[in-house]
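Before any comments, here is the structure.
Chains as they are written, first to last, in this note's numbering: chain P, 1 to 350; chain X, 351 to 570.
Set out below in structure tokens:
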């Protein structure tokens, strides 16, 4: 169990994060530069928060009121750095041995070798990191971190340094290794798909502020803030005004939309996922749009729509190639949005 | 030809370089952690000898070490030793002039060090001593060695401050640089040219070593 509550003044905003991880992998999801890495560094003890409290399995790592601040060495927190921070002047074996300071000197070599074997790196024991592939480097960093027997793992964008074809393989490996790990894991990411595949719980971070923890399914099904919607991959977000319990007006699109979910008083925007916009007119939430641009990606077509009564704000619609072909290259298109697909959003950041 | 000036130059340069190697690294390491304002002031103070004329450095050193000045007179009264006009007096002069070279190269090496490596080692449970000796120093090794060699090269060639603090006594405080000046003054061009050749040879070898080190650094 890891409980974190920290505040720290940074150059352009104040980090104000609060979350708890209890079992499984918790994701910290946020855009780059939102304070995710700094949060991990504060937990690991290499940065010091201005105030707050960090408790790991009942052990107080940091408490500004009680004046407790354990050193990184005392914390037993494992950190996987974004580009792995392998020691460039040491071989793979020496890198792992560097994590075995808690063992008697004569046992380190054998234990390090055994750890390399567990990660399929035994044959590469004499290589320095610059002579390892990207995947091998990540495996070595993981092996080294776990060799120190940490009580919690902090993973800082673990796949961002990898090519996309390697990413899938390393992700599978990582999931396998994490399943055999008893402690909590915190994964920092800006990639919602990665978070969906690897985590069950997620905590959204916007400019240093954390939102309450929820399950990944909840976030994807009903993001309730502008930044959560954006991070969950919602391509269409526009400012909106509440009209009634189930109606909102979106002046930029020129829409008045019915919503299935109740509209909160604090509504600032609505979100519509690109694949929830359907071609064809309907009784409710229907509009005529001009087709401004068509982009074909591998397995879908992204259509940029300009609502005829809007203020020039575009919408992105995602269709399968077959669905788009059925529209016959139309220049204007009637579309509709089912009321249960309109996401009422609060908070700033438009 | 009397080889004493060469021997003296080499030993003065070697002692001064070793002293400056450790003090320069220590200064670079500790000053890097100080608050920005203090850092700026100390940085200027420690780099000043690099740009000051060596005669100014020599003058200031005499004001400190001279027999009628604070440190010099105290050492004379206590130990009966004169700090100036000895062969080893040149070590003070050379060390002060050369210190900024070592300090700045070491600082550059430490600044280009990836701090995350130190952070990683600490989260792996390693002490700060381990981090310094087994991570930081090896990663900065090339830069530090290059700084030491460069300091040595400059130390061999120091003239201005040395001639003021140690003077020129043949067979006692003469160095290659002061010897050349003396030979030129008395018009013995033949011997002077030989010393000039010796000096150029040593400096060229040392600079070659610096270049090789830097190339190895880039190839890593």
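Using N, Cα and C, we set each Cβ at its ideal position, and we do this for glycine too.
Please state whether the Cβ-Cβ distance between residue i and residue j is less than 8 Å.
| i | j | result |
| --- | --- | --- |
| residue 362 of chain P | residue 21 of chain P | Only positions 1 to 350 of chain P appear in the structure, and residue 362 of chain P is not among them; the question remains open. |
| residue 106 of chain P | residue 52 of chain P | no |
| residue 450 of chain X | residue 414 of chain X | no |
| residue 359 of chain X | residue 526 of chain X | yes |
| residue 238 of chain P | residue 313 of chain P | yes |
| residue 162 of chain P | residue 174 of chain P | no |
| residue 138 of chain P | residue 181 of chain P | no |
| residue 310 of chain P | residue 265 of chain P | no |
| residue 553 of chain X | residue 507 of chain X | yes |
| residue 470 of chain X | residue 81 of chain P | yes |
| residue 362 of chain X | residue 399 of chain X | no |
| residue 10 of chain P | residue 208 of chain P | yes |
| residue 496 of chain X | residue 564 of chain X | yes |
| residue 242 of chain P | residue 263 of chain P | yes |
| residue 351 of chain P | residue 146 of chain P | Since the first residue shown for chain P is 1 and the last is 350, residue 351 of chain P is missing from the structure and cannot be characterised. |
| residue 542 of chain X | residue 533 of chain X | yes |
| residue 380 of chain P | residue 185 of chain P | This structure gives no information on residue 380 of chain P, because the portion of chain P shown stretches from 1 to 350. |
Residue i and residue j look like a contact to me (Cβ under 8 Å); what is the Cβ gap, rounded to whole Å?
| i | j | result |
| --- | --- | --- |
| residue 183 of chain P | residue 153 of chain P | 7 Å |
| residue 512 of chain X | residue 440 of chain X | 5 Å |
| residue 225 of chain P | residue 245 of chain P | About 20 Å separates the two Cβ atoms, so there is no contact after all. |
| residue 86 of chain P | residue 140 of chain P | 6 Å |
| residue 345 of chain P | residue 269 of chain P | 4 Å |
| residue 112 of chain P | residue 100 of chain P | 6 Å |
| residue 14 of chain P | residue 28 of chain P | About 17 Å separates the two Cβ atoms, so there is no contact after all. |
| residue 56 of chain P | residue 93 of chain P | Rounded, the Cβ-Cβ distance is 30 Å, inconsistent with contact. |
| residue 407 of chain X | residue 443 of chain X | 7 Å |
| residue 274 of chain P | residue 336 of chain P | Not really, about 14 Å apart at Cβ, beyond 8 Å. |
| residue 192 of chain P | residue 134 of chain P | The Cβ separation is near 23 Å, so there is no contact. |
| residue 291 of chain P | residue 333 of chain P | 6 Å |
Output needed for residue i: all residues of its chain with C-beta closer than 6 Å, excluding positions within five of it in sequence on either side, in chain order.
| i | result |
| --- | --- |
| residue 529 of chain X | 355, 545 |
| residue 461 of chain X | none |
| residue 23 of chain P | none |
| residue 301 of chain P | 319, 321, 324 |
| residue 459 of chain X | 490, 493, 494 |
| residue 46 of chain P | 72 |
| residue 399 of chain P | Residue 399 of chain P falls outside the range modelled here, since chain P spans only 1 to 350, and no answer is possible. |
List the residues that DSSP assigns as beta-bridge partners of residue i.
| i | result |
| --- | --- |
| residue 279 of chain P | P:335 |
| residue 388 of chain X | Paired residue(s): none; residue 388 of chain X is not in a bridge. |
| residue 5 of chain P | P:18, P:53 |
| residue 435 of chain X | DSSP lists no partner for residue 435 of chain X. |
| residue 152 of chain P | P:77, P:184 |
| residue 307 of chain P | P:289 |
| residue 318 of chain P | P:302 |
Cutting at 7 Å between CB atoms, please list the residues of its own chain near residue i, excluding the five before and the five after it.
| i | result |
| --- | --- |
| residue 465 of chain X | none |
| residue 68 of chain P | 60, 62 |
| residue 159 of chain P | 167, 170, 171, 194 |
| residue 349 of chain P | 206, 226, 227 |
| residue 423 of chain X | 417 |
| residue 339 of chain P | 258, 259, 260, 284, 285 |
| residue 467 of chain X | 485, 489 |
| residue 5 of chain P | 18, 52, 53 |
Once the 5 residues before and after residue i are set aside, which same chain residues still bring their CB inside 8 Å of it?
| i | result |
| --- | --- |
| residue 254 of chain P | 287, 307, 308, 309, 310, 311 |
| residue 201 of chain P | 21, 24, 25, 26, 27, 213, 214, 215, 216 |
| residue 66 of chain P | 60 |
In chain order, which beta strand (DSSP E) runs of at least 3 residues are fully inside the stretch 176-217 of chain P?
184-189, 201-206
Inside the stretch 55-83 of chain P only - alpha helix (DSSP H) runs reaching at least 4 residues
72-75
Unbroken alpha helix (DSSP H) runs of length 4 or more, entirely within the stretch 229-305 of chain P: which are they?
none
Ignoring anything shorter than 4 residues, give me the alpha helix (DSSP H) runs that lie fully in the stretch 91-164 of chain P, in order along the chain.
92-97, 105-118, 134-147
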